[in-house]
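*Asks:* 330 is the number that our numbering gives the last residue of the sequence shown; the numbers go up by one with no jumps.
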Amino acid sequence: MANMDAGADPPTAAQVQALRGFNRFYTRRMGVLDPYLGGELSLTEVRVLYELAHRDQPTASELGRDLGLDAGYLSRILRRIDSRGWLERQPSPADARQSLLRLNAAGHLAFAPLQQKSRDEAAALLSSLPVPQREQLIAAMATVQRLLDASRAAPPRTVVLRDPRPGDMGWVVQQHGEIYAREYGWNQEFEALVAQIAGEFVRRFQPEWERCWIAEVDGERAGSVFVVRKSATVAQLRLLILTPQARGHGLGARLTDEAIAFARTRGYRRMVLWTNGNLQAARHIYAQRGFRLVKSEPYRGYGGHALVGETWELKL
Numbered sequence: 015m016a017n018m019d020a021g022a023d024p025p026t027a028a029q030v031q032a033l034r035g036f037n038r039f040y041t042r043r044m045g046v047l048d049p050y051l052g053g054e055l056s057l058t059e060v061r062v063l064y065e066l067a068h069r070d071q072p073t074a075s076e077l078g079r080d081l082g083l084d085a086g087y088l089s090r091i092l093r094r095i096d097s098r099g100w101l102e103r104q105p106s107p108a109d110a111r112q113s114l115l116r117l118n119a120a121g122h123l124a125f126a127p128l129q130q131k132s133r134d135e136a137a138a139l140l141s142s143l144p145v146p147q148r149e150q151l152i153a154a155m156a157t158v159q160r161l162l163d164a165s166r167a168a169p170p171r172t173v174v175l176r177d178p179r180p181g182d183m184g185w186v187v188q189q190h191g192e193i194y195a196r197e198y199g200w201n202q203e204f205e206a207l208v209a210q211i212a213g214e215f216v217r218r219f220q221p222e223w224e225r226c227w228i229a230e231v232d233g234e235r236a237g238s239v240f241v242v243r244k245s246a247t248v249a250q251l252r253l254l255i256l257t258p259q260a261r262g263h264g265l266g267a268r269l270t271d272e273a274i275a276f277a278r279t280r281g282y283r284r285m286v287l288w289t290n291g292n293l294q295a296a297r298h299i300y301a302q303r304g305f306r307l308v309k310s311e312p313y314r315g316y317g318g319h320a321l322v323g324e325t326w327e328l329k330l
């Protein structure tokens, strides 16, 4: 139960009734009491799948704590997910009694249509409202969340994926230049390549077939990803990046999932990307989502570094 301030007045019967009435309305309107998304999985099971898909190898204890689930109940859910062949476990280097959990490629393949259906249902609900009322609804929901979370010691981080605005392309180029110079020692040749890609995206932008997302965390830019039309049937994922402060919270996975979902809705048959063999975090995200390494080639670049360029491919 939530803690109550000893000096606060208790809620009135009318206030309690109003909150319970809103709960009944919301669960009925959102279809929470129906079979979730028309499938065999419960709402809680899908929520656990969501966390496994978007977090960086959590433990069961972390999932149970953050989702407010009883350890035994969560254990049964994880066993059901495991029995479907969707779960990978590996010992935690910090605590041998714990396992690090993640969805494997089959798990991501099973979760992807559920996530897309959830997006579609949310979009359909919002589409029924005029734009001003949509904004009013979103603001009201943010107010509810902020007020109910006010008693927590650390407020939740607000993550937004939005379309690019003036100045964002320069920020993307700057982040690539600074981060790759600091972490890998790459020179301005790489920054020039990123500037070329970003410039071509703006000049040749095809809104029906291409997309860019800028991630914001608590109002600050934190990452990006691009989908570019390579051909009528092939989309290319480009310029996935996160600031160091935004890492470790599943945001890179979320950006990648958005890009894949967009490509599927546009009817692309394949998605390709080019990366480097030393970018382990990004390669891990791609492999989890079913991308396959189809070509690798050694080269020297960005200040004479010995690198391995890799082409990855995903059938949509």
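Think of the CB as a built atom: it goes at the ideal place given N, C-alpha and C, for glycine as much as any other residue.
Is T157 helix, strand or coil when you go by DSSP?
*Replies:* The residue given as residue 157 occupies position 143 in the sequence shown. DSSP places T157 in helix when its eight states are reduced to three.
*Asks:* Let me make sure I understand the geometry here. Which of A249, E224, A275 has the alpha-carbon closest to that of L128?
*Replies:* Here the question's residue 128 lines up with position 114 in the sequence shown. Nearest C-alpha to L128: A275.
*Asks:* Work out the CA separation of G191 and F204 for me, nearest whole Å.
*Replies:* Walking along the sequence shown from the start, residue 204 turns up at place 190. Walking along the sequence shown from the start, residue 191 turns up at place 177. If I take the Cα positions, the gap works out to 7 Å.
*Asks:* For I228, which residues of its own chain have a beta-carbon under 7 Å away from its beta-carbon, when the five flanking residues on both sides are left out?
*Replies:* Translated into the one-based positions of the sequence shown, residue 228 becomes position 214. Correct list, in chain order: R176, P178, D182, R235, S238.
*Asks:* Let me check one thing: in DSSP terms, what residues is K131 bridge-paired to?
*Replies:* As a working mapping, residue 131 is identified with position 117 in the sequence shown. Beta-bridge pairing links K131 to no other residue.
*Asks:* Within the present structure, is the beta-carbon of A236 separated from the nearest heavy atom of the ligand NAD by less than 7 Å?
*Replies:* Judged by which ligands are present, the structure shown has none, so any question about the ligand NAD falls away.
*Asks:* Pick helix, strand or coil for Q71, following the three-state DSSP scheme.
*Replies:* Position 57 of the sequence shown, counted from the first residue, corresponds to residue 71. Note: Q71 maps to coil in three-state DSSP.
*Asks:* Apart from the five residues on each side of it in sequence, which residues of its chain come closer than 7 Å, Cβ to Cβ, to G264?
*Replies:* The residue given as residue 264 occupies position 250 in the sequence shown. Once the five neighbours on either side are set aside, the close Cβ partners of G264 are H68, R69, D70.
*Asks:* Compute the Euclidean distance between the alpha carbons of L143 and Q150, then round it to the nearest angstrom.
*Replies:* Position 129 of the sequence shown, counted from the first residue, corresponds to residue 143. Position 136 of the sequence shown, counted from the first residue, corresponds to residue 150. In a straight line, the C-alpha of L143 is about 10 Å away from that of Q150.
*Asks:* G317 and L199 - do their beta-carbons sit closer together than 8 Å?
*Replies:* Locating residue 199 in the sequence shown gives position 185, counting from the first residue. Locating residue 317 in the sequence shown gives position 303, counting from the first residue. First, the amino acid is wrong: residue 199 is Gly here, not Leu. Yes, Cβ-Cβ distance for G199 and G317 is below 8 Å.
*Asks:* Which residue from Y300, R283, T247, I299 puts its Cα closest to that of L330?
*Replies:* Here residue 330 corresponds to residue number 316 of the sequence shown, with the count starting at 1. It is R283.
*Asks:* Sorted by chain position, which residues of the same chain lie with C-beta nearer than 8 Å to L321's C-beta, five sequence neighbours on each side aside?
*Replies:* As a position in the sequence shown, residue 321 is number 307, starting the count at 1. Cβ within range, chain order: N290, G291, N292, P312, Y313, R314, G315.
*Asks:* From G213, I95, L33, pick the residue whose C-alpha is nearest to that of E59; which is it?
*Replies:* If you number the sequence shown from 1, residue 59 lands on position 45. For E59, the nearest C-alpha among the options comes from I95.
*Asks:* In whole angstroms, what is the alpha-carbon distance linking D80 and E272?
*Replies:* Within the sequence shown, numbered from 1, the residue matching residue 80 stands at position 66. Within the sequence shown, numbered from 1, the residue matching residue 272 stands at position 258. Using only the alpha carbons, I get a separation of about 23 Å.
*Asks:* For the beta strand (DSSP E) that W288 lies in, which residues bound it at each end?
*Replies:* Taking the first residue of the sequence shown as position 1, residue 288 is located at position 274. Residues 284-290.
*Asks:* Alpha carbon to alpha carbon, what distance is there between Q250 and E327?
*Replies:* Here the question's residue 327 lines up with position 313 in the sequence shown. Here the question's residue 250 lines up with position 236 in the sequence shown. Going by the C-alpha atoms only, they are around 9 Å apart.
*Asks:* Which residues does DSSP pair with L315 in a beta bridge?
*Replies:* By one-based count along the sequence shown, residue 315 stands at place 301. Checking the sequence, you will find Gly at residue 315 rather than Leu. Bridge partners of G315: H319.
*Asks:* Have a look at the DSSP bridge pairing and note the partners of G237.
*Replies:* Working through the sequence shown from its first residue, we reach residue 237 at position 223. Its beta-bridge partners are A229, L256.
*Asks:* Determine whether the beta carbon atoms of V241 and E224 lie at a separation below 8 Å.
*Replies:* Mapped onto the sequence shown, residue 241 falls at position 227. Mapped onto the sequence shown, residue 224 falls at position 210. Going by C-beta atoms, V241 is nearer than 8 Å to E224.
*Asks:* What residues in its chain sit with their C-beta under 7 Å from that of T247, if we drop five residues either side in the sequence?
*Replies:* Reading the sequence shown from its first residue, position 233 is the one you call residue 247. Hits under 7 Å: Y282, R283, R284.
*Asks:* Around the Cβ of G304, are there at least 16 other Cβ atoms within 10 angstroms (buried) or fewer (exposed)?
*Replies:* Translated into the one-based positions of the sequence shown, residue 304 becomes position 290. Looking at its Cβ environment, which holds 16 or more other Cβ atoms inside 10 Å, G304 is buried.
*Asks:* What does a CB cutoff of less than 7 Å around P24 pick up in its chain, not counting 5 residues either side in sequence?
*Replies:* The sequence position of residue 24 within the sequence shown is 10, counting from 1. Around P24: no qualifying Cβ.
*Asks:* Indicate the three-state DSSP secondary structure (helix, strand or coil) for S9 in the structure shown.
*Replies:* Outside the shown range of the chain (15 to 330) lies residue 9, about which nothing can therefore be said.
*Asks:* Check this for me: beta carbons of E101 and L92, under 8 Å apart or not?
*Replies:* The sequence position of residue 101 within the sequence shown is 87, counting from 1. The sequence position of residue 92 within the sequence shown is 78, counting from 1. Sequence check: residue 101 is Leu here, not Glu. Yes; because the gap between Cβ atoms is below 8 Å, this pair is in contact.
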